[in-house]
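> Below is one structure. I have some questions about it.
Protein chains in written order, with the working numbering: chain A, 827 to 1065; chain B, 827 to 1065.
Encoded structure:
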């Protein structure tokens, strides 16, 4: 398939590399391809320049967000951070029309809480916006009514999402939510190709409130296990 | 031990019955013992009158919240609903001083969303208050600075908390969070007596934000599994 991945950060790269390895034609979107390729220093997350990643992975095309979305023959994965996702995706709504968009972003707002350095050891406590009575997944769906939005991948690090077997022999659970059954099936098929065997359909997109809000628990579990950033673990729904 | 359970609802009864079965002296607290004993009809949740429950379980004493807390020799479990917990517990702060209080409430506010009947099939969508930047566990700890608050039990139905073996042979994870290591050990010892083997310490009480906000995901998983109210399942942290 021709699959678009929007974003060039660490999470997006996990999907780009995995999809290319599975034999898909991967079209990567970025805000400004020239600027992305010109970067020579790691970003604030420590992610090395994208040019080096491209050099190590053949057959990957770099485009603008719109051109990457247009090149997809049906499936688009958004790796755009939660703070910018609605605006960036709305700007390419025409190119995304009719397609399935998998969104895995947590709508984090980072804010400093000097009196409350925990749970993030670096002294910054993220909050979520939206939260509780709305979700980023629902916001994206409202902004892109012609696109079939699926919220998935959001409950784990993307490095684990593309390699579920790396944790507990793969015996953990991935979740999908969305309004369109066919789009959820596309996401489910992709997850099976990634190696997932336990994929639970949570129902309509309102369930994204649950999977996005799980972010704070995921962080707490990670710190509880002694990790500093993120964590190499999963959760299994035992029933 | 002399253990106090504050509340007479379904969740509280699960703990009362289990603790009595384990040989503890259980002191149950309610706002108005006479009114609790006088009730002859099921409540709005369908829970039958408490008098019948008392008749079926020997050796259980019913008191006011304050008298029950005072009768405890160190451990108190709060089964007071999240909306009323801070006020009800603050009113008996003296009786709770120096004791360990395990709080398992989700701070739900029920509100009607006629345009959004899902995820609750009965057309009422709960929201959380506080959420994201605060938690009920932290609020209770701030209101009761002389009490050692532990947030636990909150990620599952209380019927499963007291009988972990009833799901997946007991191979799922329970969480504790709190400021006091000794209090968390008391909660952990109680959980082991209940049958838990995988108990993860998430660290300080701020982690209660994560376990309380997991409520929406817990609901979504329950509906995804086809349950109507709550669910008979657990989550295992796979690492």
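Glycine residues also receive a C-beta, built at the ideal position from the N, C-alpha and C atoms. Nothing here was measured: the structure is a model prediction, and the numbers come from that model.
(1) Using CA coordinates, which residue listed in 927/B, 923/B, 882/B is at the minimum distance from residue 903/B?
(2) Could you check whether the region 894-901 of chain A touches the region 911-927 of chain A, counting it as contact only if at least three pairs of C-beta atoms, one from each stretch, sit closer than 8 Å?
(3) Would residue 1043/B pass as a contact of residue 1025/B if the rule is Cβ separation under 8 Å?
(4) Jot down the residue ranges of each uninterrupted alpha helix (DSSP H) in the region 977-1016 of chain A, minimum 4 residues, whole runs only, in chain order.
(5) Give a yes or no on whether 8 Å exceeds the smallest Cβ distance from residue 1043/A to chain B.
(6) Please state whether DSSP places residue 1038/A in a helix, a strand or coil.
(7) I'd like to know whether the C-beta atoms of residue 905/B and residue 841/B end up nearer to each other than 8 Å.
(8) Any Cβ of chain A within less than 8 Å of the Cβ of residue 949/B?
(9) Check whether the Cβ atoms of residue 978/A and residue 930/A sit closer than 8 Å, and answer yes or no.
(10) Please confirm whether residue 834/B and residue 866/B have their CB atoms less than 8 Å apart.
(11) Tell me the DSSP bridge mates of residue 961/B?
(12) Quick check: the Cα distance between residue 1047/A and residue 952/B, rounded to an integer number of angstroms?
(13) Apart from the five residues on each side of it in sequence, which residues of its chain come closer than 6 Å, Cβ to Cβ, to residue 877/B?
(14) For residue 850/A, which of 1016/A, 1064/A, 875/A, 1051/A has the nearest alpha-carbon?
(15) Between the alpha carbons of residue 1062/A and residue 923/A, how many angstroms are there, rounded?
(16) Anything in chain B within Cβ reach of residue 997/A, meaning under 7 Å, just list it in chain order.
(17) Mind pulling the alpha helix (DSSP H) runs of 4 or more residues that sit fully within the region 893-936 of chain B?
(18) In the DSSP output, which residue or residues are listed as bridge partners for residue 953/A?
(19) Identify, in the order they occur along the chain, each residue of the same chain with its Cβ nearer than 6 Å to the Cβ of residue 948/B, setting aside the five sequence neighbours on each side.
(20) If distances are taken between C-alpha atoms only, which option among 1052/A, 1032/A, 984/A, 993/A comes closest to residue 1059/A?
(21) Using a Cβ cut-off of 8 Å (strictly closer), state whether residue 1033/A contacts chain B.
(22) Using the Cα positions of residue 968/B and residue 1019/B, report the straight-line distance between them to the nearest angstrom.
(23) Can you tell me the Cα-Cα spacing of residue 1041/A and residue 973/B, whole angstroms?
(24) Under 9 Å Cβ-Cβ, which residues of chain B neighbour residue 993/A?
(25) Nearest chain B C-beta to residue 1061/A closer than 8 Å, yes or no?
(26) If you draw a straight line from the alpha carbon of residue 1031/A to that of residue 1003/A, how long is it in whole angstroms?
(27) 8 Å is my cut-off, CB to CB: does residue 1046/A come that close to chain B?
(28) Would you kindly work out how many angstroms separate the C-alpha atoms of residue 911/A and residue 966/A, rounded to a whole number?
(29) So with Cβ pairs under 8 Å, would you call residue 930/A a contact of chain B?
(30) Taking only beta-carbon atoms, is residue 1029/A less than 8 Å away from chain B?
(31) Assign residue 970/A to one of three DSSP states: helix, strand, or coil.
(32) Using only CA atoms, which one of 964/A, 988/A, 971/A, 921/A lies nearest to residue 839/A?
(33) Using CA atoms only, rank isn't needed, just tell me which of 964/B, 899/B, 919/B is closest to residue 1038/B.
(34) Excluding the 5 residues preceding and the 5 following residue 848/B in the sequence, name in chain order all residues of the same chain whose CB lies nearer than 7 Å to its CB.
(35) Which residues in chain A have a C-beta closer than 8 Å to the C-beta of residue 891/B? List them in chain order.
(36) So, residue 908/A versus residue 873/A, is the Cβ gap smaller than 8 Å?
This is what the structure holds:
(1) That would be 927/B, whose Cα lies nearest to the Cα of residue 903/B.
(2) These segments touch.
(3) In this structure, residue 1025/B does not lie closer than 8 Å to residue 1043/B by Cβ.
(4) Segments of the alpha helix (DSSP H) lying fully in the region 977-1016 of chain A: 984-987.
(5) It does; some Cβ of chain B falls within 8 Å.
(6) Assignment of residue 1038/A by DSSP, reduced to helix, strand and coil, places it in the helix class.
(7) Residue 841/B sits close to residue 905/B, with the two beta carbons spaced by under 8 Å.
(8) With a pLDDT of 47 at residue 949/B, under the threshold of 50, the modelled position of this residue cannot be trusted, and the question is left open.
(9) For residue 978/A and residue 930/A, yes; Cβs fall inside 8 Å.
(10) Residue 834/B places its beta carbon 8 Å or farther from that of residue 866/B.
(11) When DSSP reads this structure, residue 961/B sits in no beta bridge, so it has no partner.
(12) Spanning the two alpha carbons is a distance of roughly 25 Å.
(13) Taking C-beta separations shorter than 6 Å and ignoring five residues to either side along the sequence, the partners of residue 877/B in its chain run 863, following chain order.
(14) The candidate whose alpha carbon is nearest that of residue 850/A is 1016/A.
(15) If you take the alpha carbons of residue 1062/A and residue 923/A, they lie about 34 Å apart.
(16) For residue 997/A, the residues of chain B that pass the 7 Å Cβ criterion are 1064, in the order they occur in the chain.
(17) You should have 911-916, 919-922.
(18) Note: residue 953/A sits in a beta bridge opposite 935/A.
(19) Note on residue 948/B: pLDDT 41, under 50, position unreliable in the model; the coordinate value appears next. In the same chain as residue 948/B, and ignoring 5 residues on each side of it, no C-beta atom comes closer than 6 Å to its own.
(20) Nearest C-alpha to residue 1059/A: 993/A.
(21) Chain B contact via Cβ: present.
(22) Taking the straight line joining both Cα atoms gives about 29 Å.
(23) In this structure, the alpha-carbon of residue 1041/A lies about 29 Å from that of residue 973/B.
(24) Against chain B, the beta carbon of residue 993/A has neighbours under 9 Å at 1064, 1065, listed in chain order.
(25) Chain B contact via Cβ: present.
(26) Their backbone Cα atoms lie some 5 Å apart in a straight line.
(27) Chain B, which has a Cβ nearer than 8 Å to the Cβ of residue 1046/A, makes this yes.
(28) Approximately 8 Å between the Cα atoms of the pair.
(29) For residue 930/A, the answer is no, since every Cβ of chain B falls outside 8 Å of its Cβ.
(30) So, interface residue.
(31) The answer is coil: DSSP assigns residue 970/A none of H, G, I, E or B.
(32) Nearest of 964/A, 988/A, 971/A, 921/A to residue 839/A, Cα basis: 988/A.
(33) It is 964/B whose Cα lies nearest to the Cα of residue 1038/B.
(34) Cβ contact annotation for residue 848/B (same chain, cutoff 7 Å, sequence separation greater than five): 1019, in chain order.
(35) Neighbours of residue 891/B on chain A: none; closest Cβ ~29 Å, over 8 Å.
(36) Result no, Cβ atoms of residue 908/A and residue 873/A do not sit closer than 8 Å.
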